Amino acid sequence: MKIIHNWQNNRIQQEASDNVGFLLTDQQGSWLSLASQPANCYQGWFVTQHQKPFKVLDDLRLVEGDVQVLSNRFWSVERQTGAVKEYFWLNSQPRALIYELSQPSRAEIVLDFKEPSNNQSQASYQCAQEQGFLVAKCSLPNETVFLVCKSDTGKYFPLNQTLKNVFRLAQWEGQKLVLAVGATFSQAQDIASKVFKDLERLKKREQSKAAF
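If you number the sequence shown the way this note's numbering does, the last residue is 212 and the count never jumps.
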């Protein structure tokens, strides 16, 4: 795999053979860590809810192909698989994960709702499609959150399958996907809608932060 670091006009490039991953933060207590292949329980999207960190997402990746290039742009990350490029970035206010593709493709959304230090509790999931949104109610004995996905196409293909303590929520087809988490469905839906509507402005804002 080719690894590229891009900082303003500087570029560093190297080759790597291991399972290479990346880490993004939103400077508000949430972070995203993904690798070429899922390797441990500390990878995924982690958010703070009621002043406690929770893992919500285990993996988000293209259905077909292996990652060939990983580019670190400091405010975002780009992965290339064949002719398709994936773009990941975190919006800080309001909190959201944005996933974009260079061309219409199919990706899979895998959940794993838990406290980072607790691998014993098994979460339960209730899934639905509401008004073009994909919704997952994620519940532990002491906490419940709602994950809401809004996309450019609304093309979701539910899987609803538990596999090795993770939950395969759905496959999605399109180019732009926003994932938001809230204590209620309406809260998460509102965040996803606002971020999706204002995506280009928010992207420029996050990009400008990395310039300093």
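The C-beta atom is built at its ideal place from N, Cα and C for all residues, glycine as well.
Here the structure is a predicted model, which means the values were calculated and not measured.
Where residue i falls, given that 16 or more other Cβ within 10 Å makes a residue buried
{"i": "I109", "result": "buried"}
{"i": "Q218", "result": "Residue 218 falls outside the range modelled here, since the chain spans only 1 to 212, and no answer is possible."}
{"i": "P132", "result": "Per the sequence shown, the amino acid found at residue 132 is Gly instead of Pro. Classification of G132: exposed, given that the 10 Å Cβ count is below 16."}
{"i": "Q51", "result": "exposed"}
{"i": "I191", "result": "buried"}
{"i": "F157", "result": "exposed"}
{"i": "Q93", "result": "exposed"}
{"i": "K197", "result": "exposed"}
{"i": "A188", "result": "buried"}
{"i": "K114", "result": "buried"}
Sub-8 Å separation of residue i and residue j beta-carbons
{"i": "S76", "j": "W89", "result": "yes"}
{"i": "D26", "j": "R79", "result": "no"}
{"i": "R11", "j": "I4", "result": "yes"}
{"i": "Q49", "j": "V135", "result": "no"}
{"i": "L111", "j": "V47", "result": "no"}
{"i": "E206", "j": "N91", "result": "yes"}
{"i": "E86", "j": "L62", "result": "yes"}
{"i": "W172", "j": "A83", "result": "no"}
Selection from the options that minimises the alpha carbon distance to residue i
{"i": "P116", "options": "T81, L24, F54, Q122", "result": "F54"}
{"i": "L57", "options": "I191, E130, D190, C149", "result": "C149"}
{"i": "A180", "options": "A170, R61, I98", "result": "I98"}
{"i": "G182", "options": "K85, C138, S151", "result": "C138"}
{"i": "Q126", "options": "L140, V69, E200", "result": "L140"}
{"i": "D59", "options": "E206, L202, L169, R201", "result": "L169"}
{"i": "F22", "options": "Q171, Q37, Q189", "result": "Q37"}
{"i": "L163", "options": "Q68, Q122, A16, A107", "result": "Q122"}
{"i": "N119", "options": "S17, N40, K209", "result": "N40"}
{"i": "S193", "options": "L177, T81, S124, S102", "result": "L177"}
{"i": "N160", "options": "Q8, K209, K203, S124", "result": "S124"}
Beta-carbon proximity list for residue i, same chain, < 7 Å, skipping 5 on both sides
{"i": "G174", "result": "P104, S151, D152, T153, K155"}
{"i": "R73", "result": "N6"}
{"i": "A16", "result": "M1, I3"}
{"i": "N19", "result": "A35, S36, Q37, A39"}
{"i": "T81", "result": "L62, G65, D66, V67, Q68"}
Same chain, Cβ closer than 8 Å to residue i, five either side skipped, listed in chain order
{"i": "F185", "result": "E130, V135, K137, F146, V148"}
Residues of its chain near residue i, where Cβ-Cβ distance is below 6 Å and the 5 sequence neighbours each way are ignored
{"i": "G29", "result": "T48"}
{"i": "Q14", "result": "I3"}
{"i": "A128", "result": "V135"}
Start-end ranges of the beta strand (DSSP E) lying completely within the stretch 100–159, minimum 3 residues: Taking 3 residues as the minimum length, the beta strand (DSSP E) runs contained wholly in the stretch 100–159 are 124–130, 133–140, 143–151, in order along the chain.
Start-end ranges of the beta strand (DSSP E) lying completely within the stretch 42–66, minimum 3 residues: If we require 3 residues or more, the beta strand (DSSP E) runs fully inside the stretch 42–66 come out as 44–49, 52–62.
Length at least 3, wholly inside the stretch 65–91: the beta strand (DSSP E) runs in chain order: Runs of the beta strand (DSSP E) inside the stretch 65–91: 69–72, 77–81, 84–91.
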